[in-house]
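So the sequence shown is numbered by the numbering used here: it starts at 305 and just counts up by one. Note that the Cβ used here is the ideal one computed from N, Cα and C, for glycine as well.
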Amino acid sequence: MSLEELVLVFAVLATLSYASISDLRTREVKEYVWVPAALLSVAINLLLGNYDLLQLVLASIPALLVLVFALLDMMGGADFLALLVVTLAHPRIFPKPLTYLTLVYSLVIPVVLVLSNLIYGLRNLRHYKELKCVRGSKTMLLLLGRPKKVSSFLNSKFTYLLTIPVEQQETLFECRASFSMDETYEEKIKSSVRELLEKGILKADDLVWVTPGLPQIVFYLLGYVAALMTPESLLRLIIPLT
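Structure representation (structure tokens):
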């Protein structure tokens with residue numbers, strides 16, 4: 305690995321590490337965090353002539369996919385910016401497609417969590433069957449969430465409702481498969497649940513389905529490290545073209 309490549313790797317690692325700390329603390333990352341690594345990556349790769357248009361387009365696909373989810377309010381903008389920085393630093397997919405590997409590895413923990421939710425839900429299927437949705441569908445709840453006591457939900461951080469109680473109907477819910485990236489909106493939902501609890505419409509031991517707000521930037525950091533450590537010889541066995 306050349307000195308320039310080491311600088312790029314260090315820049316990405318430092319940026320993802322700093323962003324991960326912010327993500328763990330607040331689930332928010334300021335946009336300016338990504339600027340130094342992005343500018344440095346562009347400058348170095350332009351000087352080295354590493355920007356091949358076709359490979360850059362192909363390397364950008366993971367970031368663009370995440371951008372689509374961010375525009376649909378299903379992921380945060382920082383998720384896109386994290387992968388964009390990796391793309392700008394490593395614009396070639398040969399001999400190692402670092403952007404793809406970073407994304408794939410970053411999904412390991414969320415996939416394990418989904419499987420864990422499913423196993424837990426199947427073992428406690430009664431709660432799922434008893435749930436009545438007046439709006440939305442409960443189909444995805446077994447994969448994306450778990451039942452939790454109202455009191456526990458109200459005392460938790462970075463946990464979001466998938467079943468929103470309908471006022472004056474303690475057994476009826478508005479069901480959804482994801483939560484909004486708008487933290488103010490989610491806080492209003494939590495406040496409405498607290499009001500229903502104070503009115504006696506909900507009880508502290510009543511169950512609601514919740515899902516965690518995952519620190520995805522941390523997973524990108526782990527995925528990037530795993531991608532760097534993946535031997536090219538292994539990739540050649542899996543993908544002969546590499």
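**OP:** Could you tell me the boundaries of the alpha helix (DSSP H) in which Leu435 lies?
**Re:** In the sequence shown, the residue the question calls residue 435 occupies position 131. Run containing Leu435: none; DSSP gives neither H nor E here.
Subject >> Span separating the alpha-carbon of Leu402 from that of Leu532 >> reply: Position 98 of the sequence shown, counted from the first residue, corresponds to residue 402. Position 228 of the sequence shown, counted from the first residue, corresponds to residue 532. In a straight line, the C-alpha of Leu402 is about 7 Å away from that of Leu532.
Subject >> Whole beta strand (DSSP E) elements within the stretch 482-523, 3-residue minimum >> reply: 511-516
Subject >> Coil, strand or helix - Pro478 by DSSP >> reply: Within the sequence shown, numbered from 1, the residue matching residue 478 stands at position 174. What sits at residue 478 in the sequence shown is Glu, not Pro. Here Glu478 sits in strand by DSSP.
Original post:
Should Glu490 and Ser482 be called a contact, given that it needs their Cβ atoms to be closer than 9 Å?
Top reply: On the sequence shown, residue 490 is found 186 positions in, with the first residue counted as 1. On the sequence shown, residue 482 is found 178 positions in, with the first residue counted as 1. No; because the gap between Cβ atoms is not below 9 Å, this pair is not in contact.
Subject >> Enclosing beta strand (DSSP E) for Val337 [first to last residue] >> reply: As a position in the sequence shown, residue 337 is number 33, starting the count at 1. Looking at the DSSP string, Val337 is not in any beta strand (DSSP E), and its letter there is neither H nor E.
Original post:
Where does Thr534 fall in DSSP's three states?
Top reply: Along the sequence shown, read from residue 1 onward, the residue named residue 534 stands at position 230. In the structure shown, Thr534 sits in coil (DSSP, three-state: anything other than H, G, I, E or B).
Subject >> At least three beta-carbon pairs within less than 8 Å, the stretch 459-479 to the stretch 413-422 >> reply: no
Original post:
Which term fits Val416, buried or exposed, when burial requires 16 or more other beta carbons within 10 angstroms of its beta carbon?
Top reply: As a first step, residue 416 is located in the sequence shown; it is residue number 112 there, counting from the start. Answer is exposed; the Cβ neighbour count stays below 16.
Subject >> Per-residue burial, His431 [other beta carbons within 10 Å of its own, 16 or more giving buried] >> reply: On the sequence shown, residue 431 is found 127 positions in, with the first residue counted as 1. Classification of His431: exposed, given that the 10 Å Cβ count is below 16.
Original post:
How many Å lie between Glu335 and Ala382 at the Cα?
Top reply: By one-based count along the sequence shown, residue 335 stands at place 31. By one-based count along the sequence shown, residue 382 stands at place 78. If I take the Cα positions, the gap works out to 7 Å.
Original post:
Got a sec? Which residues, its chain only, sit under 7 Å from Val311 by beta carbon, not counting five neighbours each side?
Top reply: The residue labelled residue 311 in the question sits at position 7 within the sequence shown. These residues qualify, in order along the chain: Ile348.
**OP:** Going by DSSP, name the residue or residues bridged to Tyr464.
**Re:** Along the sequence shown, one-based indexing puts residue 464 at 160. In the DSSP output, where bridge partners are listed per residue, Tyr464 has Thr515.
Original post:
Looking only at C-alpha atoms, which of Asp510, Phe314, Leu328, Ser410 sits nearest to Phe384?
Top reply: Walking along the sequence shown from the start, residue 384 turns up at place 80. The candidate whose alpha carbon is nearest that of Phe384 is Ser410.
Original post:
Do Val512 and Phe477 have their C-beta atoms within less than 9 Å of each other?
Top reply: Your numbering for residue 512 matches position 208 in the sequence shown. Your numbering for residue 477 matches position 173 in the sequence shown. Going by C-beta atoms, Val512 is nearer than 9 Å to Phe477.
**OP:** Report yes or no: do the stretch 517-536 and the stretch 322-333 share at least 3 C-beta pairs separated by less than 8 Å?
**Re:** yes
**OP:** Check the C-beta distance from Val316 over to Ala367 and give it rounded, since I have them as a contact under 8 Å.
**Re:** Position 12 of the sequence shown, counted from the start, is the residue given in the question as residue 316. Position 63 of the sequence shown, counted from the start, is the residue given in the question as residue 367. About 13 Å separates the two Cβ atoms, so there is no contact after all.
Original post:
What span of residues does the beta strand (DSSP E) with Pro451 cover, start to end?
Top reply: To locate residue 451, count along the sequence shown from 1; it is residue 147. Its beta strand (DSSP E) spans residues 450-453.
Original post:
Would you say Val497 and Leu445 are within 9 Å of each other, going by their C-beta atoms?
Top reply: Here residue 497 corresponds to residue number 193 of the sequence shown, with the count starting at 1. Here residue 445 corresponds to residue number 141 of the sequence shown, with the count starting at 1. In this structure, Leu445 does not lie closer than 9 Å to Val497 by Cβ.
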